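Protein sequences, first through last, are from chains A and B. Counting along the first sequence from 1, when you hit position 38 you're at 38 in the working numbering, and nothing is skipped either side. Plus 1000 on top of the position in the second sequence (first one is 1) and you've got the working numbering. For reference, the structure is listed below as structure tokens.
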Amino acid sequence: MEPIQPASPVIRTVGLTKRYGALDVLRGVDLEAREGEVISILGASGSGKSTFLRCLNLLEVPSGGTLNVLGEDVRFRVKGGGQQIADARQVNRLRSQIGMVFQNFCLWSHRTVLQNIMEGPVHVQGRNRHEVRAEAEQALERVGLLERADYYPSQLSGGQQQRAAIARAIVMRPRVLLFDEPTSALDPELVGEVLKVMQDLAAEGRTMLIVTHEMAFARDVSSRVVFLEKGTVRVQGSPQDLFRGGMDERFDRFVSHFSRQG
Amino acid sequence: MSAQAFTLVGFGPEGWGRLLLLAAGLTLMAALCSFVLGSLLGAVGAALKLSSSRSLRWIGTFYTTVFRGVPEILVVYLFYFGGSLALTRLMHLAGFPGFFSLPSFIIGVVAIGLVSGAYQTEAYRSACLRLERGQIEAGKACGMSTPVLLWRVIAPQTLRFALPALGNIWQSVLKETALLSIIGLVELLRQSTIASGATRQPLLFYGVAGLLYLVMGQTTALGFRRVEKRLARCWER
């Protein structure tokens, strides 16, 4: 891992597209995420925001455009009219430096919380088990779950599972964290505990990209807001500028729709 | 029955006890080898049937259709006589006259392993279909290579879902080893036949054999249930 220049982007996409058959989900997304930025990605359902996030760690393979992660262009090859990953080892190496938090937590159900957290560092990064264990316990303590270390995911509440999933992501020492609607599957009373952990991570100066519907979080915690519509970036800017209103009519309507609901 | 019966199935100089237990051991060994071979074939078969390539899927389907659709005893005969015939021809070509038969234990294990592999293919395949996408994506997202993902996530979860079906398949494999008596393997059934012939006490010895099958089946079933219960802990809510 060579250090990134302060100004160089952690993630950069140029004209990123994603097509499913006849459906254009992404129609050319340009985005740069620099070190320490906390970017909230907003948009109506169907705007392509989750697909975009999943393209960044190649859970979805983009159909076109360029994707640069940690200064490396991800290599693709064309096959049967679509793109495929050209170098699986490059992708796995990059993925191990990108933390991902899923909407449905996706903790491995056959492993305890502690085992879930140690899995990546030990079996992907090949780090020493004893060191990892200490670090995993630290991470669990941070998210307030140390006393649940030996529970299975199914024995935890949604909020606890999501906090464990965040611990699993940070123990990999990622350069950037992706959150895919991390609170959307939670009961309302459990949302706060997860947002609190994310807020702490943001305050630490971590680079984060968050697909979310939590308007208050986007406004108060993120350093930049990106609004996607129909697979492209409709508008982006600082949350202060955007949430003041008047910058983009569609964004204002989107926000007012949400505040009416909330 | 009574005192004489106990002497006959006992372990004294007149008793058949030691031979029966050894034969039961051979039955268990044959079942174990067949089941393990079947597991490997089942894993390969499931991979074939779930493959994205049409021709590979066809091979998988052909395998399960044939070996689930043909009576086991026929498979055993085909392998034993077919194999021995081929070996005899080969030996004649090499200048050795006479009849050569293949070792019945190996033939039996291969035949029953192939049949149980066909059933295990279905068990693994349907277990694989129950895997949640998120479990696999979580592995990919942290950078797992395909072998690590297979070994650390897919295999243990598939095994857990397949376990109840595997328990049933094990029970039938254990019983199917009795077919190997027809190709000369002195396993539990064959040994009881020998003992009943020698003592003219068929009821006694077949009864004891039945009891031994039941004991072996139930003990191993208990083991399966215990593992199942342990694994179920991670899934129950």
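Glycine is no exception: its CB is placed at the ideal position from the N, C-alpha and C atoms. Treat the numbers as computed from the prediction; the structure is a model and nothing was measured.
Closer than 8 Å at the beta carbon, the chain B residues around residue i
| i | result |
| --- | --- |
| Arg129 of chain A | Those within 8 Å of Arg129 of chain A in chain B number zero; the least Cβ separation is about 14 Å. |
| Tyr20 of chain A | Ordered by position in chain B, no residue passes the 8 Å Cβ test against Tyr20 of chain A, which lies about 16 Å from the chain. |
| Met208 of chain A | Going along chain B, no residue has its Cβ under 8 Å from Met208 of chain A, so there is no contact; the nearest lies around 15 Å. |
N- and C-terminal bounds of the alpha helix (DSSP H) containing residue i
| i | result |
| --- | --- |
| Glu32 of chain A | Not the alpha helix (DSSP H): Glu32 of chain A falls in the beta strand (DSSP E), residues 23-34. |
| Lys79 of chain A | Note, Lys79 of chain A: premise wrong, no alpha helix (DSSP H); beta strand (DSSP E) at 76-79. |
| Tyr1124 of chain B | 1104-1129 |
| Pro1156 of chain B | 1155-1176 |
| Leu42 of chain A | Here Leu42 of chain A belongs to no alpha helix (DSSP H); instead the beta strand (DSSP E) covers 38-42. |
| Ile1182 of chain B | First-last for Ile1182 of chain B: undefined, no H or E at that position. |
| Arg1233 of chain B | Unbroken run through Arg1233 of chain B: none, as it is neither H nor E. |
Nearest candidate by alpha-carbon position, reference residue i, set the options
| i | options | result |
| --- | --- | --- |
| Tyr1080 of chain B | B:Phe1062, B:Phe1100, B:Leu1090 | B:Phe1100 |
| Ala1171 of chain B | B:Gly1015, B:Val1215, B:Arg1089, B:Ile1182 | The residue you asked about is not Ala; residue 1171 of chain B is Gln in the sequence shown. Nearest option by C-alpha distance: B:Val1215. |
| Asn280 of chain A | A:Ala202, A:Glu147, A:Met100, A:Arg219 | The displayed coordinates of chain A run from 1 to 262. Any statement about residue 280 of chain A would go beyond what the structure contains. |
| Leu1166 of chain B | B:Tyr1063, B:Gly1223, B:Phe1205 | B:Gly1223 |
| Glu181 of chain A | A:His213, A:Gln84, A:Gly21, A:Gln161 | A:His213 |
| Leu1040 of chain B | B:Leu1020, B:Gln1157, B:Glu1132, B:Gln1120 | B:Gln1120 |
| Val226 of chain A | A:Phe254, A:Arg95, A:Leu67 | A:Phe254 |
| Ala1082 of chain B | B:Pro1103, B:Ala1003, B:Pro1202 | According to the sequence displayed, residue 1082 of chain B carries Gly and not Ala. Taking only the C-alpha atoms, the option nearest Gly1082 of chain B is B:Pro1103. |
| Ile98 of chain A | A:Asp220, A:Arg234, A:Pro121 | A:Pro121 |
| Val29 of chain A | A:Gly15, A:Val221, A:Ile39, A:Leu23 | A:Gly15 |
| Ala1141 of chain B | A:His130, A:Lys196, A:Ala202, A:Phe105 | A:Phe105 |
| Pro1147 of chain B | A:Arg127, A:Ala203, A:Arg89, A:Leu178 | A:Arg89 |
| Gly237 of chain A | A:Arg224, A:Val78, A:Gly245, A:Glu249 | A:Arg224 |
| Leu114 of chain A | A:Phe102, A:Gln138, A:Gln103 | A:Gln138 |
| Gly36 of chain A | A:Ala203, A:Gly245, A:Pro239 | A:Ala203 |
| Ala1023 of chain B | B:Ala1094, B:Arg1226, B:Pro1202, B:Gly1184 | B:Gly1184 |
| Ala86 of chain A | A:Ala218, A:Val61, A:Thr51, A:Glu249 | A:Val61 |
| Gly126 of chain A | A:Gln83, A:Arg219, A:Arg75, A:Ser96 | A:Ser96 |
C-beta contact flag for residue i and residue j at 7 Å
| i | j | result |
| --- | --- | --- |
| Leu26 of chain A | Val211 of chain A | no |
| Leu1149 of chain B | Gly1139 of chain B | yes |
| Gly21 of chain A | Gly231 of chain A | no |
| Gly1038 of chain B | Gly1113 of chain B | yes |
| Val1115 of chain B | Cys1033 of chain B | no |
| Thr17 of chain A | Gly65 of chain A | yes |
| Ala1074 of chain B | Thr1199 of chain B | Note on identity: in this sequence residue 1074 of chain B is Leu, with Ala being the wrong assignment. Against a cut-off of 7 Å, the Cβ pair of Thr1199 of chain B and Leu1074 of chain B comes out as no contact. |
| Gly43 of chain A | Leu228 of chain A | yes |
| Tyr152 of chain A | Cys1234 of chain B | yes |
| Ser222 of chain A | Ser45 of chain A | no |
| Thr13 of chain A | Leu94 of chain A | no |
Start and end residues, beta strand (DSSP E) containing residue i
| i | result |
| --- | --- |
| Val1070 of chain B | Run containing Val1070 of chain B: none; DSSP gives neither H nor E here. |
| Phe179 of chain A | 176-180 |
| Tyr152 of chain A | Neither: Tyr152 of chain A is in no beta strand (DSSP E) and is coded neither H nor E. |
| Val211 of chain A | 208-211 |
| Leu228 of chain A | 224-229 |
| Gly82 of chain A | 82-85 |
| Met100 of chain A | 98-101 |
| Asn68 of chain A | 64-69 |
Same chain, Cβ closer than 7 Å to residue i, neighbours up to 5 away in sequence not counted
| i | result |
| --- | --- |
| Arg1237 of chain B | Because Arg1237 of chain B carries a pLDDT of 48, less than 50, the predicted location of this residue cannot be relied on, and no value is offered for it. |
| Val191 of chain A | Thr183 |
| Gln1157 of chain B | Leu1131, Gln1135 |
| Ser1084 of chain B | Phe1100, Ser1101, Leu1102 |
| Val1153 of chain B | Gln1135, Ile1136, Gly1139 |
Chain-ordered neighbours of residue i on chain B, where CB pairs are closer than 7 Å
| i | result |
| --- | --- |
| Phe258 of chain A | The premise fails here: Phe258 of chain A is roughly 26 Å from chain B at the closest Cβ pair, so nothing lies under 7 Å. |
| Arg163 of chain A | Within chain B, no residue comes near Arg163 of chain A; the closest Cβ sits about 15 Å away, beyond 7 Å. |
| Met100 of chain A | Ala1141 |
Per-residue contacts from residue i into chain A (C-beta, under 9 Å)
| i | result |
| --- | --- |
| Ser1145 of chain B | Ala88, Arg89, Asn92, Val124 |
| Ala1003 of chain B | Simply none; closest approach about 55 Å. |
Contacts of residue i in chain A (Cβ-Cβ under 8 Å)
| i | result |
| --- | --- |
| Gln1135 of chain B | Cys106, Trp108, Ser109 |
| Val1148 of chain B | His123, Val124 |
| Arg1160 of chain B | His110 |
Beta-carbon proximity list for residue i, same chain, < 6 Å, skipping 5 on both sides
| i | result |
| --- | --- |
| Glu1228 of chain B | Leu1163 |
| Trp108 of chain A | Asn116 |
| Phe1067 of chain B | Leu1114, Val1115, Ala1118 |
| Glu193 of chain A | Gly159 |
| Gly262 of chain A | The predicted position of Gly262 of chain A is uncertain, since its pLDDT is 47 and thus under 50; a value taken from the coordinates is nonetheless stated next. Cβ within range, chain order: n/a, list empty. |
Partners in chain B for residue i, counting only beta-carbon separations shorter than 9 Å
| i | result |
| --- | --- |
| Phe76 of chain A | Under the 9 Å cutoff, chain B gives no residues; its nearest Cβ is about 17 Å from Phe76 of chain A. |
| Leu114 of chain A | Near Leu114 of chain A there are no residues of chain B at all, since even the closest Cβ is about 13 Å away, more than 9 Å. |
Proximal residues to residue i (C-beta, below 8 Å), its chain only, five neighbours per side dropped
| i | result |
| --- | --- |
| Gly1045 of chain B | Gly1060, Tyr1063, Thr1064, Gly1117, Ala1118, Gln1120, Thr1121, Tyr1124, Arg1125 |
| Arg1072 of chain B | The amino acid occupying residue 1072 of chain B in the given sequence is Glu; Arg does not appear at that position. Same-chain partners within the cutoff: Ala1111, Ile1112, Val1115, Glu1176, Leu1179. |
| Phe1035 of chain B | Gly1113, Ser1116, Ile1169, Trp1170, Val1173 |
| Phe258 of chain A | His213, Met215 |
| Arg163 of chain A | Val143, Gly144, Leu145, Glu193, Val194, Val197 |
Within chain A, partners of residue i - CB distance below 7 Å
| i | result |
| --- | --- |
| Pro1156 of chain B | His110 |
| Val1227 of chain B | Under the 7 Å cutoff, chain A gives no residues; its nearest Cβ is about 13 Å from Val1227 of chain B. |
| Cys1142 of chain B | Arg95, Ser96, Gly120, Val124, Met172 |
| Arg1152 of chain B | Glu119, His123 |
| Cys1234 of chain B | Ser109, His110, Tyr152, Ser154 |
Under 7 Å by beta carbon: chain C residues contacting residue i
| i | result |
| --- | --- |
| Asn57 of chain A | Looking at the structure shown, chain C is missing, and the protein chains on hand are A and B. |
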